[in-house]
Amino acid sequence: MYQRILVPVDDSATSALALAEACKLAKEVGAAVRLVHVVDLAQFGWGGAEFLDAAELQGSIKQAGEQVLAASRSKVEAQGLAAESAILESWGDRIASVIVEDANKWGADLLVMGTHGLGGLMHLLMGSVAEGVLKQADVPVLLVRNPTAD
């Protein structure tokens, strides 16, 4: 059964549902949990603008990611589980690739993540991190959809 469950998290309700599902499964099988949060720093890597300090903005983004991880760790610990966590940095890479690469390095045997279930034009415009992970992962991926998401 699964022994190493990787859970990408953000601050959405959909991510919280996926985390809750991962915790249930981890408790049931005694699996280790790793929480990751990806920050895309490339979009703020340029200088040029007099009113914007790119390095300061990148630091703020990482700090916000750490807060997301801390809140997620608290939810895991409330379930009687422990979790390791990491901020993953993307520099214009596809976020799905960053997640899959970390899962491979850590030796995950399951990924659990939320999906917003966007379709049509919104999917075309925004893409899907979940879809990218599903296409690239060499291990099973459990997608948790938020039934109340638009």
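Residue numbering for the sequence shown follows full-length UniProt numbering, starting at 1 and increasing by one per position.
We put the beta carbon where it would ideally sit given N, CA and C, even for glycine.
| Asked | Found |
| --- | --- |
| Are E21 and V144 closer than 8 Å when you measure CB to CB? | yes |
| Which residue from G107, I95 and N146 puts its Cα closest to that of L135? | Looking at the sequence itself, residue 135 is Lys, so the reference to Leu does not match. Ranking G107, I95 and N146 by Cα distance to K135 puts I95 first. |
| For T115, which residues does DSSP report across the bridge? | R145 |
| Taking only three categories from DSSP, how would you classify A83? | strand |
| May I ask you to list the residues that DSSP assigns as paired with E131? | E131 is not bridged to any residue. |
| For the region 104-113 and the region 52-68, state whether three or more C-beta atom pairs, one from each stretch, are separated by less than 8 Å. | no |
| Rounded to a whole number of angstroms, what is the C-alpha to C-alpha distance between G59 and Q79? | 31 Å |
| Would you kindly check if the distance between the Cβ of L69 and the Cβ of S85 is under 8 Å? | yes |
| Would you say L6 and V29 are within 8 Å of each other, going by their C-beta atoms? | no |
| Please return the same chain residues whose Cβ sits closer than 6 Å to the Cβ of F51, not counting the five positions on each side in sequence. | Only weak support is given to the placement of F51: the predicted model assigns it a pLDDT of 46, under 50, and the value that follows is read from those uncertain coordinates. Here the set comprises nothing. |
| By a C-beta neighbour count over all protein chains shown, 10 Å radius and 16 as the cutoff for buried, is H148 buried or exposed? | Note that residue 148 is Thr in the sequence shown here, rather than His. By the neighbour-count rule (16 or more Cβ atoms within 10 Å), T148 is not buried but exposed. |
| Helix or strand or just coil, what does DSSP make of V29? | helix |
| Going along the chain, which residues of its own chain have a beta-carbon closer than 8 Å to the beta-carbon of V98, five neighbours each way excluded? | V38, L88, E89 and S90 |
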